[in-house]
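Taking it in order: structure first as structure tokens, then the write-up.
Residue numbers (my numbering), protein chains in the order written: chain A, 304 to 658; chain E, 13 to 275.
As structure tokens, then:
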């Protein structure tokens with residue numbers, strides 16, 4: 304990766320947006336760097352779409368400023384902003400062909416006919432839409448519509464491209480293909496992408512940086528590795544990927560105690576002699592020889608090809624713990640429903656939270 | 013089984029009788045308008061002579077011209093206003109029930125009530141009545157029909173295309189003319205044709221608001237005054253033409269509505 308991260312191209316500065324009594328965005332600040340693939344991730348109602356609409360100009364913040372390339376655009380009309388939005392519903396113009404849809408944005412810039420048709424042709428080629436150029440949106444499949452919507456926004460060569468749940472309407476297979484396709488395109492055109500999604504997998508796969516939103520605030524902002532491996536709080540830990548939560552307590556000896564085990568976890572900034580919650584990924588729990596570790600019974604085994612997710616009922620938590628076991632290697636033979644097993648934690652990889 | 017068959021048969025019979033009662037007189041009327049002899053009792057061969065004699069009747073031509081003027085102007089005004097009303101009502105964030113009721117009241121208020129009310133209003137304001145008062149009166153109920161047709165289309169209109177247009181650099185004015193209006197056009201035309209049809213064969217309101225004298229008489233009023241001296245083959249011919257025009261406009265209107273729904 305030789306992405307050149309420069310100064311922030313887009314700065315969101317303590318923005319507040321209320322709808323009646325509900326606070327959609329609550330004093331949120333964010334710096335997006337040039338050429339970055341940035342993901343706004345959060346459950347529905349977390350304010351991510353409102354934030355995107357404020358950046359695009361369809362909502363005006365109650366407080367705070369939004370700057371694009373150093374210029375304040377907080378109150379600028381959407382048609383004046385040098386950024387474009389790809390709509391969740393694609394919002395293709397139904398009465399125009401694919402070619403006309405693409406040309407529309409350039410016609411608004413009052414470019415010459417020859418330049419418009421040259422750029423439309425080029426974009427049709429980049430997005431592999433040449434064969435569909437004369438079709439109307441009603442004659443396109445979901446994936447094709449998605450590509451047209453993307454092409455129509457990209458052709459304007461915006462400083463920043465905003466994507467509102469761009470893959471939400473596609474089926475799983477196509478979605479995975481388009482995730483890589485979007486990433487490739489972003490690399491190719493060198494435009495800053497800000498994507499809104501509720502799908503954590505999508506955010507982790509595509510983005511350079513992810514901001515996790517809840518109730519109009521950012522809980523954590525960092526690379527996919529950071530938010531996955533070092534979640535800042537319990538919500539982020541539970542929202543990203545699969546996570547087991549186990550109640551325990553921190554002793555005076557700076558060890559986390561759970562079910563007779565004492566784990567040397569990172570306890571920085573946490574209170575001693577108090578209860579806490581252990582967050583462990585399925586890959587941070589391993590099967591141990593019987594006798595050692597925590598005893599449990601396998602209640603279910605889910606086959607995932609290269610590995611298996613086993614569900615182990617223990618005395619530690621009401622819900623069974625999810626444990627990942629490699630399909631090849633030790634432990635596979637023992638991983639049968641009903642089997643009694645012993646579990647061990649990778650203390651260094653686990654996180655402890657006190658709420 | 014036999015029972016079910018009998019019920020089905022009875023249903024069919026009732027259906028045929030009802031439709032027969034409705035459409036047989038119309039069919040006979042159309043047929044008689046092409047009858048050589050003027051007698052409704054005997055068929056003496058196909059002829060267009062009643063249509064020819066119609067073309068020579070200056071009273072009828074005058075009334076037809078008036079009807080056309082009223083229908084065209086009322087349709088134009090009602091289409092512009094009705095479309096604007098529909099867009100305004102659908103894009104408002106706050107839905108207003110009183111406004112809805114007001115917009116659609118002319119569709120349900122009996123024509124005679126509307127006619128008397130308008131006549132009272134015009135005479136109270138000392139307005140000289142004529143074609144212009146008929147036009148204003150027709151706009152009132154045409155507006156409600158245009159508005160309801162356009163609103164039906166707006167119910168499944170994807171407003172994000174309006175935002176997409178702004179996002180791509182178009183002003184709200186450009187957006188309206190290049191995006192919103194072309195997408196709504198089939199519904200607007202359908203509404204206009206419906207309004208035109210309603211206006212062409214409207215009798216009561218035109219009768220009340222046309223003022224004294226024969227100068228602003230419309231076709232339905234002309235037919236009414238002719239029929240008092242008996243049904244002549246000429247009336248049959250005239251009614252056939254009016255029906256033809258109305259039916260054509262209505263069919264196109266419905267076809268446009270269907271067309272846009274399947275898109």
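Cβ atoms here follow ideal geometry from the backbone N, Cα and C, with glycine treated the same way.
Since the model is a prediction, treat every value here as computed from it, not as a measurement.
Three-way DSSP call (helix, strand, coil) for residue i in this model
i	result
residue 425 of chain A	helix
residue 650 of chain A	coil
residue 455 of chain A	helix
residue 495 of chain A	strand
residue 304 of chain A	Here the model assigns residue 304 of chain A a pLDDT of 44, short of 50, so the residue's position is not dependable and the matter cannot be decided.
residue 238 of chain E	helix
residue 556 of chain A	coil
residue 593 of chain A	coil
residue 383 of chain A	helix
residue 576 of chain A	coil
residue 325 of chain A	strand
residue 393 of chain A	coil
residue 85 of chain E	helix
residue 530 of chain A	helix
residue 361 of chain A	coil
residue 500 of chain A	strand
residue 473 of chain A	coil
residue 584 of chain A	coil
residue 546 of chain A	coil
residue 658 of chain A	coil
residue 320 of chain A	strand
residue 561 of chain A	strand
residue 23 of chain E	helix
residue 536 of chain A	coil
residue 338 of chain A	coil
residue 69 of chain E	coil
residue 58 of chain E	strand
residue 104 of chain E	coil
residue 256 of chain E	helix
residue 344 of chain A	strand
residue 249 of chain E	helix
residue 113 of chain E	helix
One or two residues paired with residue i in a DSSP bridge
i	result
residue 315 of chain A	A:333, A:369
residue 616 of chain A	A:600
residue 167 of chain E	None, per the DSSP bridge assignment.
residue 517 of chain A	A:520
residue 625 of chain A	A:614
residue 644 of chain A	A:599
residue 374 of chain A	A:371
residue 218 of chain E	The partner list for residue 218 of chain E (beta bridge, DSSP) is empty, contrary to what the question assumes.
residue 463 of chain A	A:386, A:495
residue 551 of chain A	A:579
Sub-7 Å separation of residue i and residue j beta-carbons
i	j	result
residue 411 of chain A	residue 181 of chain E	yes
residue 371 of chain A	residue 313 of chain A	yes
residue 166 of chain E	residue 214 of chain E	no
residue 542 of chain A	residue 340 of chain A	no
residue 319 of chain A	residue 366 of chain A	yes
residue 514 of chain A	residue 521 of chain A	yes
residue 201 of chain E	residue 268 of chain E	yes
residue 83 of chain E	residue 212 of chain E	yes
residue 472 of chain A	residue 567 of chain A	no
residue 393 of chain A	residue 452 of chain A	yes
residue 154 of chain E	residue 207 of chain E	yes
residue 244 of chain E	residue 42 of chain E	no
residue 583 of chain A	residue 653 of chain A	yes
residue 440 of chain A	residue 477 of chain A	no
residue 209 of chain E	residue 149 of chain E	no
residue 436 of chain A	residue 427 of chain A	yes
residue 216 of chain E	residue 124 of chain E	yes
residue 576 of chain A	residue 555 of chain A	yes
residue 387 of chain A	residue 459 of chain A	yes
residue 77 of chain E	residue 246 of chain E	no
residue 591 of chain A	residue 647 of chain A	yes
residue 409 of chain A	residue 419 of chain A	yes
Contact belief for residue i with residue j at Cβ below 8 Å, rounded distance in angstroms
i	j	result
residue 580 of chain A	residue 656 of chain A	5 Å
residue 638 of chain A	residue 597 of chain A	So it is not a contact: roughly 16 Å between Cβ atoms.
residue 345 of chain A	residue 516 of chain A	4 Å
residue 220 of chain E	residue 133 of chain E	In fact, because the Cβ distance is near 11 Å, the residues do not count as touching under 8 Å.
residue 143 of chain E	residue 81 of chain E	6 Å
Heavy atom of the ligand GDP within 6 Å of residue i beta-carbon
i	result
residue 487 of chain A	For the structure depicted, the ligand GDP is absent and the ligand set is empty, with no information on it obtainable.
Any C-beta of chain B under 7 Å from that of residue i
i	result
residue 179 of chain E	The displayed structure is made up of protein chains A and E, and chain B is not among them.
| request: Quick one: which unbroken alpha helix (DSSP H) runs of 4-plus residues sit fully inside the segment 128-167 of chain E? Chain order, please. | output: 143-167
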